[in-house]
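Chemist:
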Amino acid sequence: MTEKRILHIRDLKVSFHSGQSAITAVDGISFDLMEGEILGIVGESGSGKSVTSLATMGLIPRPPGQIDHGLIEFENKDLTKLHEHELRKIRGNQIAMIFQEPMTSLNPLFTIGDQLGEALQIHTRLSKKERKEKTIELLNLVGIPRASEVIKEYPHQLSGGMRQRVMIAIAMACNPRVLIADEPTTALDVTIQAQILSLMKNLNSDMNTSIILITHDLGVVAEICDRVIVMYAGEIVEQGDVRTILKEPQHPYTIGLLKSVPDLRGNQGRLYSIPGNIPRPGSTRKGCQFVERCETSKSICFEESPQLYRQNLPDHRVRCFLHKREEEAEKDVRVTS
C-alpha cells in the first residue's frame with residue numbers, strides 16, 4: 375500500500391424519495407481509499423454500506439434516489455458531475471464492483487463466456503478470438519477448473535462459489551484500479567469463503583488493486599483489511615487501522631459488534647446482542663443516532679449530534695461524546711462563546 379490517494383469521498387449524502395418525503399440513506403460521510411489498500415466497511419443491514427458503493431459506481435436509481443451533495447473524486451474527476459456516457463468509460467473499466475448475489479447478478483440467458491466477454495468488448499479493442507483467450511485466462515486466474523468448457527455453460531450449471539468466482543473474473547476483466555466487493559462471501563460455506571478471500575488478497579498484492587470490502591463479518595475484516603470504517607444509520611461512527619479498531623474499539627456500537635462475535639476459546643454462555651434495532655430510515659431525530667441502544671449515553675447525547683473526534687492515533691476517529699478530546703471541547707467553547 376502506498377500513500378497515494380486513489381478515491382476521495384467528501385460529505386456524501388444520498389436520499390430516496392417516498393411520496394412527498396425524502397429518506398436519507400447516507401448522511402454526509404467522508405473517507406479516502408489509498409492505492410493498493412484494502413478498506414473494510416462494516417455495519418448492520420440498513421447502515422448505508424451498499425448505498426455508498428452504488429453511489430460511487432454511479433448506480434443510484436434516479437428516481438427515486440439522488441445524491442443530494444458531496445464529492446466522489448477519482449483521478450481528479452468528480453464522478454457526481456460526469457454524464458452517463460462518461461461514467462460508462464470508468465465503470466467496469468477503472469472502477470469495478472462485485473455485487474452481493476451472484477445468481478441474480480449473472481444473466482441466466484447468456485453463457486459465462488458471453489457475459490465475461492461483454493466487458494472486454496465494451497472497454498477493449500480485442501478481436502473475438504483474443505476475447506475468448508482472455509476469458510479463459512481470467513477464469514483460470516480466479517481458480518475455475520476446465521475454463522474452456524465453463525465459458526459455454528450457463529450460471530445455473532455452476533455452484534454458488536463458482537458463480538462468485540465468475541463475478542470476480544468479470545470485475546477484474548479490465549484490470550480495474552478500484553474493486554468494490556459488496557458482501558462477496560455471503561451464503562458461501564466457510565471453505566469457499568476462505569478461497570474467495572485468498573483470491574482477493576492475491577489480486578490486491580499481485581495487481582495492486584485497491585479494494586473496498588463491504589461486509590458484516592468482522593472475521594473477514596480481520597483477515598484481509600488494512601483499515602476499517604464502521605457505519606451506523608448512514609453515518610461513519612468509527613474509523614481507523616484495523617488492528618486498532620478490533621483490539622481497542624472506542625465507539626459503543628463497535629464495542630457491541632465485537633462482543634457479539636462468538637468466542638470459540640471458551641464457554642461464554644448466552645451470546646451478547648446489542649439491545650434494540652437500527653433506526654428506520656427517514657425517522658429523523660436530534661442527537662446521536664445510536665443513543666436509544668447505547669448503554670453509556672449521557673444527557674447531551676439526546677440533544678446534540680457528536681462529530682468524528684480524533685483519537686491518539688492520527689487515523690483513528692470516533693463519533694462519540696465520551697471520546698471528545700479536551701482541545702476539541704475548548705475549541706467548541708470558543709466557537710459558541
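Counted the way the numbering used here counts, the sequence shown spans residues 375 to 711.
Note that the Cβ used here is the ideal one computed from N, Cα and C, for glycine as well.
Arg551 to Ile464, Cα distance in whole Å?
Modeler: Position 177 of the sequence shown, counting from 1, holds the residue named residue 551. Position 90 of the sequence shown, counting from 1, holds the residue named residue 464. Each residue's alpha carbon lies about 10 angstroms from the other.
Chemist: Just tell me which of Glu460, Leu494, Ile586 and Ala396 has its CA closest to the CA of Thr426.
Modeler: For the purposes of this step, residue 426 is taken as residue 52 along the sequence shown, with counting starting at 1. Checking every option, the nearest Cα to that of Thr426 belongs to Ile586.
Chemist: Mapping DSSP to helix, strand and coil, what is Thr509?
Modeler: Taking the first residue of the sequence shown as position 1, residue 509 is located at position 135. If DSSP states are grouped into helix, strand and coil, Thr509 belongs with the helices.
Chemist: I'd like to know if Thr426 contacts chain D, where contact means its C-beta is closer than 8 angstroms to some C-beta of that chain.
Modeler: Annotation note: the requested chain D is absent from the structure, which comprises a single protein chain.
Chemist: Using three-state DSSP, classify Glu409 as helix, strand or coil.
Modeler: Translated into positions along the sequence shown, residue 409 becomes position 35. Coil at Glu409, not helix or strand.
Chemist: I'd like to check one pair, Val594 with Leu577: are the Cβ atoms closer than 8 angstroms?
Modeler: By 1-based counting over the sequence shown, the position of residue 577 is 203. By 1-based counting over the sequence shown, the position of residue 594 is 220. Not closer than 8 angstroms, so no.
Chemist: Could you tell me if Glu504 is buried or exposed, where buried requires 16 or more neighbouring beta carbons within 10 angstroms of its beta carbon?
Modeler: What you label residue 504 is simply residue 130 of the sequence shown in a count that begins at 1. It counts as exposed.
Chemist: Please list the terminal residues of the continuous alpha helix (DSSP H) segment that includes Gln624.
Modeler: Taking the sequence shown and counting its residues from 1, the one referred to as residue 624 is at position 250. Unbroken run through Gln624: none, as it is neither H nor E.
Chemist: Assign Leu751 to one of three DSSP states: helix, strand, or coil.
Modeler: Coverage of the chain is limited to positions 375 through 711, which leaves residue 751 absent and any answer about it impossible.
Chemist: Quick one: complete beta strand (DSSP E) runs, 3+ long, within the region 393-454?
Modeler: 395-408, 412-416 and 439-448
Chemist: Between the alpha carbons of His530 and Gly487, how many angstroms are there, rounded?
Modeler: Translated into positions along the sequence shown, residue 530 becomes position 156. Translated into positions along the sequence shown, residue 487 becomes position 113. C-alpha separation (whole angstroms): 14 angstroms.
Chemist: Where does His457 fall in DSSP's three states?
Modeler: As a working mapping, residue 457 is identified with position 83 in the sequence shown. If DSSP states are grouped into helix, strand and coil, His457 belongs with coil.
Chemist: Beta-carbon within less than 7 angstroms of Ala481's beta-carbon, same chain only, minus the 5 sequence neighbours each way: which residues are those?
Modeler: Reading the sequence shown from its first residue, position 107 is the one you call residue 481. Ala is not the amino acid found at residue 481; the sequence shown has Asn there. The answer, listed in chain order, is Gln489.
Chemist: Between Cys548 and His590, is the Cβ-Cβ spacing less than 8 angstroms?
Modeler: Counted from its first residue, the sequence shown places residue 548 at position 174. Counted from its first residue, the sequence shown places residue 590 at position 216. Going by C-beta atoms, Cys548 is not nearer than 8 angstroms to His590.
Chemist: Assuming Gly439 and Val388 form a contact by the criterion Cβ under 8 angstroms, report the distance between their Cβ atoms to the nearest whole angstrom.
Modeler: For this step, residue 439 is matched to residue 65 along the sequence shown. For this step, residue 388 is matched to residue 14 along the sequence shown. About 7 angstroms separates the two Cβ atoms, so the contact holds.
Chemist: Just to confirm my understanding: we take Asp442, look at its own chain, exclude 5 residues before and 5 after, and list those with CB closer than 6 angstroms. What are they?
Modeler: Locating residue 442 in the sequence shown gives position 68, where the first residue counts as 1. Excluding positions up to five away in sequence, the list reads Lys387 and Ser389.
Chemist: Gly593 lies in the alpha helix (DSSP H); which residues open and close that run?
Modeler: Here residue 593 refers to the residue found at position 219 when the sequence shown is read from its first residue. Counting along the chain, the alpha helix (DSSP H) containing Gly593 begins and ends at Leu592 to Ile598.
Chemist: Ordered along the chain, which non-local residues of its own chain (more than five positions away) have a Cβ less than 6 angstroms from that of Ala396?
Modeler: Stepping through the sequence shown from its first residue, residue 396 is reached at position 22. Contacts found: Ser389.
Chemist: Using C-beta distances below 7 angstroms, list every residue in its chain close to Glu377, excluding the 5 sequence neighbours before and after it, in chain order.
Modeler: Walking along the sequence shown from the start, residue 377 turns up at place 3. Around Glu377: Met408.
Chemist: Give the straight-line distance between the Cα atoms of Gly444 and Asn686, rounded to the nearest whole angstrom.
Modeler: Here residue 444 refers to the residue found at position 70 of the sequence shown. Here residue 686 refers to the residue found at position 312 of the sequence shown. Approximately 28 angstroms between the Cα atoms of the pair.
Chemist: Note down, in chain order, each residue of its chain lying with its Cβ closer than 7 angstroms to the Cβ of Phe695, except the 5 sequence neighbours on either side.
Modeler: By one-based count along the sequence shown, residue 695 stands at place 321. So the qualifying residues of the chain are Lys672, Ile674, Cys675 and Pro680.
Chemist: When burial is assigned at 16 or more other CB atoms within 10 Å of the CB, is Asp706 buried or exposed?
Modeler: The residue labelled residue 706 in the question sits at position 332 within the sequence shown. Reliability fails at Asp706, whose pLDDT of 45 lies under 50, so the model's placement of it is uncertain and the value that follows must be treated cautiously. Counting Cβ neighbours within 10 Å, Asp706 comes out exposed, since fewer than 16 surround it.
Chemist: Are the region 506-522 and the region 459-474 touching by the rule of at least three beta carbon pairs closer than 8 angstroms?
Modeler: no
Chemist: Report the CB separation of Leu562 from Gly534 in whole angstroms; it is logged as a contact under 8 angstroms.
Modeler: Residue mapping note: residue 562 aligns to position 188 of the sequence shown, counting from 1. Residue mapping note: residue 534 aligns to position 160 of the sequence shown, counting from 1. Contact flag correct, Cβ pair sits at about 6 angstroms.
Chemist: Please report the residue range of the alpha helix (DSSP H) in which Leu494 lies.
Modeler: Here the question's residue 494 lines up with position 120 in the sequence shown. Looking at the DSSP string, the run of the alpha helix (DSSP H) that includes Leu494 is Ile486 to His497.
Chemist: Considering only their Cβ atoms, is the gap separating Leu413 from Arg601 smaller than 8 angstroms?
Modeler: By 1-based counting over the sequence shown, the position of residue 601 is 227. By 1-based counting over the sequence shown, the position of residue 413 is 39. Closer than 8 angstroms, so yes.
Chemist: Distance check for Lys660 and Pro437, CA to CA, integer angstroms please.
Modeler: Your numbering for residue 437 matches position 63 in the sequence shown. Your numbering for residue 660 matches position 286 in the sequence shown. If I take the Cα positions, the gap works out to 28 angstroms.
Chemist: With which residues is Lys502 paired in a DSSP beta bridge?
Modeler: Walking along the sequence shown from the start, residue 502 turns up at place 128. Looking at the DSSP assignment, Lys502 forms no beta bridge with any residue, so it has no partner.
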